[in-house]
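Numbering-wise (our numbering), the sequence shown opens with residue 271 and increments by one.
Just so it is clear, CB atoms sit at the ideal spot from N, CA and C, and this is done for glycine as well.
Down below is the structure, laid out as structure tokens.
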Amino acid sequence: MNKRLTINDLRHIIAPSILAADPLRLAADIERLGGAARCLHIDIMDSHYVPNMNGGPALVKALSQFTDMVLDVHLMVERPEHVVDMYLEAGADILTIHQEACRHPHRWLGRIRAAGALAGISLNPGTSLEVLRDLLPETDLVLLMTVNPGYGGQKFIPAMFDKIKRCRELLDQQDHRILLEADGGITVENSSMLWQAGLDVMVAGSSIFQAADPAAQVRVLESGNGGI
């Protein structure tokens, strides 16, 4: 990992997703976080694996030069093995690939680790947790999609609460050091329940960047005090 933080420093944190930021004011939107967040989530989309297009290595490189926040790069692309090295060279601190999109995930998770980044594996809402078991020895982070990926501003899929709990149990049985992250539909209303379900990292976009005070919103989400 390229930054000073360790895995333990990444527990119980909010990772604002720049997918929901204003692309014409991205630097200003990041500065509005005011240091409240330690990690920035960057979605990369190719319009093939998901029905949207966003990001690229140049964006990650620019962000690595602009901020000292941990860059959590999520590759929502077909054949991520074709671009993994590009994003490692650009400065990704965490690089996550989709199990459903990668033909040889063991190889590429190992490649990510060997480059000094944290290796993440992501599952779509309809993908069984069983596919994780043989990948966990090469994994630093599991990212559960709690909406169908491709667009921001979607509502959390209720069945994902149970999936998060079951994934937490699986990780604790296998290796308690692996981080559990969720992305999609996370708000102040459900943040408390999600922390209780066992998350380490919550990705939130619209609920942060559409708030009047994004830094304060990060703190509310992190505390879990705004929910039910």
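Candidates 322, 343, 320: closest to residue 328 by CA position: As a working note, residue 328 is residue 58 in the sequence shown. Put simply, of 322, 343, 320 the residue whose alpha carbon is nearest the alpha carbon of residue 328 is 343.
The beta strand (DSSP E) spanning residue 341 covers which residue range? Residue numbering aside, residue 341 sits at position 71 when the sequence shown is read from its first letter. From DSSP, the beta strand (DSSP E) with residue 341 extends over 340 to 346.
Near residue 419, which residues of its chain fall below 6 Å by C-beta distance, leaving aside the five closest residues on each side in sequence? Residue 419 sits at position 149 when you count from the first residue of the sequence shown. Closer than 6 Å at Cβ, skipping near neighbours: 320, 346.
Go to residue 330, then tell me how far its beta strand (DSSP E) extends in each direction, as first and last residue. Residue 330 sits at position 60 when you count from the first residue of the sequence shown. No beta strand (DSSP E) contains residue 330, which is instead part of the alpha helix (DSSP H) from 327 to 336.
Between residue 291 and residue 479, what straight-line distance do the alpha-carbon atoms span, to the nearest angstrom? The sequence position of residue 291 within the sequence shown is 21, counting from 1. The sequence position of residue 479 within the sequence shown is 209, counting from 1. In a straight line, the C-alpha of residue 291 is about 6 Å away from that of residue 479.
Cβ-based neighbour list, residue 448, same chain, cut-off 7 Å, excluding 5 preceding and 5 following: Walking along the sequence shown from the start, residue 448 turns up at place 178. Within the same chain, residue 448 has close Cβ partners 406, 409, 410, 411, 412, 441.
Using beta-carbon positions only, say whether residue 399 and residue 382 come within less than 7 Å of one another. Taking the sequence shown and counting its residues from 1, one reaches residue 399 at position 129. Taking the sequence shown and counting its residues from 1, one reaches residue 382 at position 112. Not a contact, by the Cβ cut-off of 7 Å.
Apart from the five residues on each side of it in sequence, which residues of its chain come closer than 8 Å, Cβ to Cβ, to residue 357? Position 87 of the sequence shown, counting from 1, holds the residue named residue 357. Excluding positions up to five away in sequence, the list reads 314, 327, 330, 343, 345, 365.
Going by DSSP, name the residue or residues bridged to residue 390. Residue mapping note: residue 390 aligns to position 120 of the sequence shown, counting from 1. DSSP, once it has assigned bridges, lists 366, 411 as partnering residue 390.
Return the first residue and the last residue of the alpha helix (DSSP H) that residue 437 is part of. Counting from 1 along the sequence shown, the entry for residue 437 is found at position 167. First-last of the alpha helix (DSSP H) with residue 437: 430 to 444.
Quick one: give me the first and last residue of the beta strand (DSSP E) that residue 283 is part of. Walking along the sequence shown from the start, residue 283 turns up at place 13. Unbroken beta strand (DSSP E) run through residue 283: 283 to 286.
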